[in-house]
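Enquirer: In the working numbering, the protein residues as written are 14 to 159.
Beta carbons: idealized from backbone N, C-alpha and C, even for Gly.
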Amino acid sequence: MNYLKTLLATNNSFAALILRIPAGIILMAHGGQKLFAWFGGYGLEGTGQFMASIGLEPGYLMALLAGSAEFFGGLALVLGLLVRPAAVVLSVTMVVAIVSVHLVNGLFLSNNGYEFGLALLAISASLIVSGAGAISLDRVIHKALP
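Here it is, written out as structure tokens:
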């Protein structure tokens, strides 16, 4: 029980909320593109083919993992539920995206660079440290634990 209490511990600051909501929405949308072909995405099949083409094999599984991390991790951020574990998974996902796809293109998004992935990585890393903050399910559950 102490481990869960530590995992869910957070302060009453609104700073994490201000990061969580927009980042969660953005990540859910990107995950939806990969998983469900929403918002002009290619779905698992198309994303899997792309991932296989850049050496992330098996492509379909990698698309499933990345899409699930983004969609469900983003949902966790929006809800403020298990924010620290979700942020760890999202951080790893962003590092893989930066290194495997965007790093060779330089910093700028206009060249398909890594600036957007780096911003999402920074937000995720910040949430690992801070926790979910005010108005989160983590905070509600933490308070209810003995």
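(1) Would you mind working out which of L20, N15 and Y16 sits nearest V96, comparing C-alpha positions?
(2) Which same chain residues, not among the five before or five after L30, have their C-beta less than 6 Å away from its C-beta?
(3) Quick one: what does DSSP say L69 is sitting in, helix, strand or coil?
(4) Relative to the C-alpha of L32, which residue among L122, L116, L92 and T106 is closest?
(5) Can you give me the C-alpha to C-alpha distance between M64 and A76, rounded to a whole angstrom?
(6) If we call anything under 9 Å between Cβ atoms a contact, is G45 one with W51?
(7) Out of T23, L158 and A42, state which residue places its alpha-carbon closest to the alpha-carbon of L88.
(8) Measuring only the C-alpha atoms, how far is Y9 from L158?
(9) Residues in its own chain within less than 6 Å of G37 by CB, not counting five upstream and five downstream?
(10) Note down, one range per segment and in chain order, each alpha helix (DSSP H) of at least 4 residues found wholly within the region 16 to 76.
(11) What are the start and end residues of the alpha helix (DSSP H) that includes L122?
(12) Cβ of G119 within 9 Å of Cβ of G130?
(13) Would you tell me roughly how many angstroms separate the C-alpha atoms of L48 and F85, rounded to the nearest one?
Expert: To lay it out plainly:
(1) L20
(2) G146, A147 and I148
(3) coil
(4) Among L122, L116, L92 and T106, the Cα nearest to that of L32 belongs to L92.
(5) 7 Å
(6) yes
(7) A42
(8) The structure shown does not extend to residue 9, since the chain is modelled only from 14 through 159, so no value can be given for it.
(9) G87, L90 and V91
(10) You should have 28 to 49 and 56 to 66.
(11) First-last for L122: undefined, no H or E at that position.
(12) The answer is no: Cβ separation not under 9 Å.
(13) 11 Å
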